[in-house]
Amino acid sequence: MLIKGVHIENRPETSDIRITDGKFEEIAPDLVPRPGEEVIDCTGKLALPPFIESHVHLDTCLTAGEPVWNQSGTLFEGIQCWSLRKETLTKQDVKDRVHRAVRMQARNGIQFVRTHVDVTDPKLTAMEALLELREELRDTIDIQVVAFPQEGIDSFPNGRQLMETAVKMGADAVGAIPHFEFTREYAVDSVNFCVELAEKYDKLVDVHCDEIDDEQSRGLEVLAARAYESGLKDRVTASHTTAMHSYNNAYVTKLMRLLKLSEINFVSNPLVNTHLQGRMDTYPKRRGITRVKELLAEGINVSFGHDDIFDPWYPLGTGNMRDVVFMGLHVCQMMGCQEIMDSYKLVSTNAARTLHLGDSYGIKAGNPASFIVLDADNFYNALNQKSEVLYSFKNGRMIAKAVPAAREVLF
Ligand code: 17E
Ligand code: FE2
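Mapped onto the numbering used here, the consecutive letters of the sequence shown carry residue numbers 1 to 411.
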């Protein structure tokens, strides 16, 4: 198959892409179609590596209002709402909702997903469902599953046992939630437990870390220190880290040295944390997003996640990473021309590093032919014009396509 005339990753010149046996065979200008070869004309359109959803909760998606709505808009009321919904969870219910969500994601050019799955459930229903889905959906979407203790590890009955069982069942990564634990001691112990579990079973780590506006919430320093000392380093990810927004600058300056040494990854969720954070403030009201711009300036890897699709923590969302980037650039004040142009990396190449996808991710000869084509010539324009994903190819197979809506102004 031959894809004609794309701007690969914002390059001003265009290239053709030849796909053979599911791989990128050749990427060069003016490739001549072979006899019988299928040709898709994408002249002037943007080709990118596939979008990556590096932080979402698929087990909770599409449950907003069931059985109650989150009235306060806080993380903590969201956890209460979910706890009620969890009582009625069945494997089929999880699978039906995840199928719907994954199709929304596919339509928007997502091919890789890291999902946190709540394991504070004695039956581990959602974990079982997601592990089955990971296999069932293997050809269309790559799913990484994090064992996520929503209601705490040391603050939840049998929490450590549930975590270890989930890992033995086949979770890819180990989570924690230090800011939700009853005490600082529990917070520290739970992070230590999480890192030790990952070492024992050779797993990645992704912690919901300091998702609170409390400037005293210091789970991050513990996680980064353990990542550094254990040698797990870039196998570790700190998600949310919204308390860093509220830390004093002297502390952040000191902390930054450890963060760099540790080589950990960060995931920020700008849609959801602009909604959840600052809820106990009057005015001025904090934005509550971690210091993305400053982390990037220090050479630290940061990606953006959607976090939620229509659930107790976020009443909107269509699983579109373009919306995430749009909000993130505003709230992080990353609106320089080049920052906007490069911002697709926050939901592609940077996220690939976090997920440890390796060298097989990316548009280059020899790699699996996985990429997307957007209805714009570069990402700046795609973001501004809310351009559709015209095609999503995974391993050389078209898994989604769109025909842009025709609109006319009649004057
Ligand atoms: N659970 C949590 O602890 N934090 C979140 N942002 C979501 C679920 C969505
Ligand atoms: Fe989350």
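Where is the CB? At the ideal position from N, CA and C, for every residue including glycine.
Quick caveat, the model's predicted, so the values are computed rather than measured.
- Message: Using only the alpha-carbon positions, how far apart do I372 and W313 sit?
- Response: 29 Å
- Item | Buried versus exposed call for K345 [16 or more other C-beta atoms within 10 Å across all chains shown] | buried
- Query: Excluding five sequence neighbours on each side, which residues of the same chain lie with their C-beta closer than 6 Å to the C-beta of F310?
  - Reply: L62, A64, G317
- Message: Taking 6 Å as the cut-off, is the C-beta of D375 nearer than that to any heavy atom in ligand 2?
- Response: no
- Helix, strand or coil at L2 according to DSSP, with G and I counted as helix: strand
- Message: Measuring only the C-alpha atoms, how far is S230 from T349?
- Response: 26 Å
- Identify every residue that forms a DSSP beta bridge with R209. Sequence check: residue 209 is Cys here, not Arg. DSSP output for C209 lists H240 as bridge partner(s).
- Query: Within 10 angstroms of its Cβ, does Y380 collect 16 or more other Cβ (buried), or is it exposed?
  - Reply: buried
- Would you check if the stretch 38-47 and the stretch 67-76 touch, i.e. whether three or more CB-CB distances between them fall below 8 Å? no
- Message: Closer than 6 Å to a non-hydrogen atom of ligand 2 - does that hold for the CB of D93?
- Response: no
- For the candidate residues H275, L295, V292, K293, whose alpha-carbon lies nearest to that of R286? H275
- Give the single residue among M1, I8, E25 whose Cα lies nearest to the Cα of G366. E25
- Burial state of P149 (16 or more Cβ within 10 Å): buried
- Item | Nearest-angstrom Cβ-Cβ length linking A297 and L258, presumed shorter than 8 Å | Actually they are not in contact, since the Cβ atoms of A297 and L258 sit about 16 Å apart, beyond 8 Å.
- Query: Where does the unbroken alpha helix (DSSP H) through L62 begin, and where does it stop?
  - Reply: Counting along the chain, L62 falls outside any alpha helix (DSSP H), and DSSP gives it neither H nor E.
- Task: Give a single yes or no on whether H208 has its beta carbon closer than 6 Å to a heavy atom of ligand 1.
- Result: yes
- Task: Confirm the yes/no value for this check: CB of D307, any heavy atom of ligand 1, distance under 6 Å.
- Result: yes
- What are the partner residues of P368, as DSSP defines its beta bridges? K23
- Under the three-state DSSP convention, the category G231 falls into: coil
- Item | Start and end residues, alpha helix (DSSP H) containing L95 | In the sequence under discussion, the amino acid at residue 95 is Lys, which differs from the Leu named in the question. Per DSSP, K95 belongs to the alpha helix (DSSP H) from 91-107.
- Item | Distance cut-off 6 Å: H55 Cβ against heavy atoms of ligand 1 | no
- Message: Which residues does DSSP list as the beta-bridge partners of I8?
- Response: A47
- Query: Cβ atoms of A47 and I8: under 7 Å apart, would you say?
  - Reply: yes
- Distance, Cα to Cα, G299 vs R353? 13 Å
- Name the DSSP beta bridge partners of M398, please? F393
- Who are the near neighbours of F193 in its chain, counting only those whose CB is closer than 8 Å to its CB and skipping five residues on each side? I153, D154, R160, M163, A176
- Message: Does the beta-carbon of W69, which I'm using as the reference point, lie nearer than 6 Å to any heavy atom of ligand 1?
- Response: no
- Ignoring anything shorter than 4 residues or poking outside the stretch 267-341, list the alpha helix (DSSP H) runs there in chain order. 270-276, 292-297, 321-331
- Item | Q144 - containing beta strand (DSSP E), residue span | 142-148
- Hey, would you say K293 sits closer than 7 Å to C332, going by beta carbons? yes
- If we ignore side chains and look at the alpha-carbon of each, how far apart do V145 and N273 end up? 22 Å
- Under the three-state reduction of DSSP, which class applies to F76: helix, strand or coil? helix
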